[in-house]
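As structure tokens, the structure follows; a few thoughts come after it.
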Amino acid sequence: MPLSEEEQRQFEQLERALAAEDPKFVSAMRGTNVRLYYKRRAVLAGVGFVLGIVVLMTGAIIPNTIIGVVGFVMMVACLYIAALSMKRISNAGESDDIPPPPTTKRHRTKHDSSGSFMERMEDRWRRRRDEDL
1 MPLSEEEQRQ
11 FEQLERALAA
21 EDPKFVSAMR
31 GTNVRLYYKR
41 RAVLAGVGFV
51 LGIVVLMTGA
61 IIPNTIIGVV
71 GFVMMVACLY
81 IAALSMKRIS
91 NAGESDDIPP
101 PPTTKRHRTK
111 HDSSGSFMER
121 MEDRWRRRRD
131 EDL
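When you line the sequence shown up against the working numbering, it's residues 1 to 133, in that order.
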């Protein structure tokens with residue numbers, strides 16, 4: 001729901017007053033751009049993936065299974081981090097300055113078939129339990 005012009009004006013006044021009163025707090029609350037944060041994370045995960053390949057190959061060249069396994073685990077972990085970061089980059093808005101809030105479970109209706117298998121089973125269980133009462 002968009003703010004009215006009066007509400008926007010009041011909000012801007014509050015912002016200016018807060019910035020004048022405590023500039024350190026305002027700069028701390030602004031933080032960095034979320035997209036930039038997740039891009040950095042994805043790049044670092046890519047670097048970690050390459051290092052994982054190097055460690056894996058080192059374990060293959062030097063016949064040491066433990067080093068190879070460590071390299072493989074590094075690669076998988078970095079791929080996971082990169083995938084999450086790329087997902088968050090696509091979900092983040094252009095001007096977001098804070099991370100998106102965690103998702104909460106919502107109660108589904110009978111006709112809402114989206115969601116995981118376990119969520120649908122939980123909803124069925126709740127409906128059956130409520131019908132028995």
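Every residue gets a Cβ at the ideal spot worked out from N, C-alpha and C, and that includes glycine. Quantities reported herein were computed from a predicted structural model and do not represent experimental measurements.
_Alpha-carbon spacing of Ala82 relative to Thr65, whole angstroms_ = Position 82 of the sequence shown, counting from 1, holds the residue named residue 82. Position 65 of the sequence shown, counting from 1, holds the residue named residue 65. Separation of Ala82 and Thr65 (C-alpha to C-alpha, rounded to the nearest whole angstrom) is 26 Å.
*Quick one: grab the DSSP three-state call for Ser27.*
Translated into positions along the sequence shown, residue 27 becomes position 27. The three-state reading of DSSP puts Ser27 in helix, counting H, G and I together.
*Compute the beta-carbon to beta-carbon distance between Met86 and Gly52, rounded to the nearest angstrom, for a pair I have assumed lies under 8 Å.*
Taking the first residue of the sequence shown as position 1, residue 86 is located at position 86. Taking the first residue of the sequence shown as position 1, residue 52 is located at position 52. At roughly 18 Å, the Cβ-Cβ gap does not stay under 8 Å, so Met86 and Gly52 are not in contact.
_With 16 other Cβ atoms within 10 Å as the buried cut-off, status of Ala45_ = The sequence position of residue 45 within the sequence shown is 45, counting from 1. Buried, by the Cβ-count rule.
*Does the Cβ of Leu56 have 16 or more other Cβ atoms within 10 Å, making it buried, or fewer, making it exposed?*
In the sequence shown, residue 56 corresponds to position 56, counting from 1. Buried is the label assigned to Leu56, since at least 16 other Cβ atoms lie within 10 Å of its Cβ.
_Own chain partners of Phe11 with C-beta closer than 8 Å, once the 5 adjacent residues on each side are dropped_ = Taking the first residue of the sequence shown as 1, we reach residue 11 at position 11. So the list reads Leu3, once near-sequence residues are dropped.
_Own chain partners of Leu79 with C-beta closer than 8 Å, once the 5 adjacent residues on each side are dropped_ = Taking the first residue of the sequence shown as 1, we reach residue 79 at position 79. Here the set comprises Ala45 and Phe49.
_Reference Ala42, options Trp125, Ser90, Ala60 and Glu122, closest by Cα_ = Counting from one through the sequence shown, the residue named residue 42 turns up at place 42. Checked all of Trp125, Ser90, Ala60 and Glu122; the closest Cα to Ala42 is Ser90.
_Beta-carbon within less than 6 Å of Arg88's beta-carbon, same chain only, minus the 5 sequence neighbours each way: which residues are those?_
Numbered from its first residue, the sequence shown carries residue 88 at position 88. A distance below 6 Å between beta-carbons, with the five flanking residues on each side excluded, links Arg88 to the following residues of its chain, in chain order: Tyr38.
*Ile89 by DSSP, collapsed to three states: which one?*
For the purposes of this step, residue 89 is taken as residue 89 along the sequence shown, with counting starting at 1. In the structure shown, Ile89 sits in a helix (DSSP, three-state: H, G or I).
_Enclosing alpha helix (DSSP H) for Val62 [first to last residue]_ = One-based indexing of the sequence shown puts residue 62 at position 62. Per the sequence presented here, residue 62 reads as Ile, with Val not at that position. It is not in any alpha helix (DSSP H) - Ile62 carries neither H nor E in the DSSP assignment.
*Buried or exposed: Val47, going by 16 or more other Cβ atoms within 10 Å of its Cβ?*
For the purposes of this step, residue 47 is taken as the residue at position 47 of the sequence shown. When all chains shown are included, Val47 counts as exposed.
*Got a sec? Which residues, its chain only, sit under 7 Å from Gly68 by beta carbon, not counting five neighbours each side?*
Numbered from its first residue, the sequence shown carries residue 68 at position 68. Annotation for Gly68: Leu56, Gly59 and Ala60 place their beta carbon closer than 7 Å to its own, counting only its chain and skipping 5 residues before and after.
*Please state whether DSSP places Leu3 in a helix, a strand or coil.*
To locate residue 3, count along the sequence shown from 1; it is residue 3. It is coil, neither helix nor strand.
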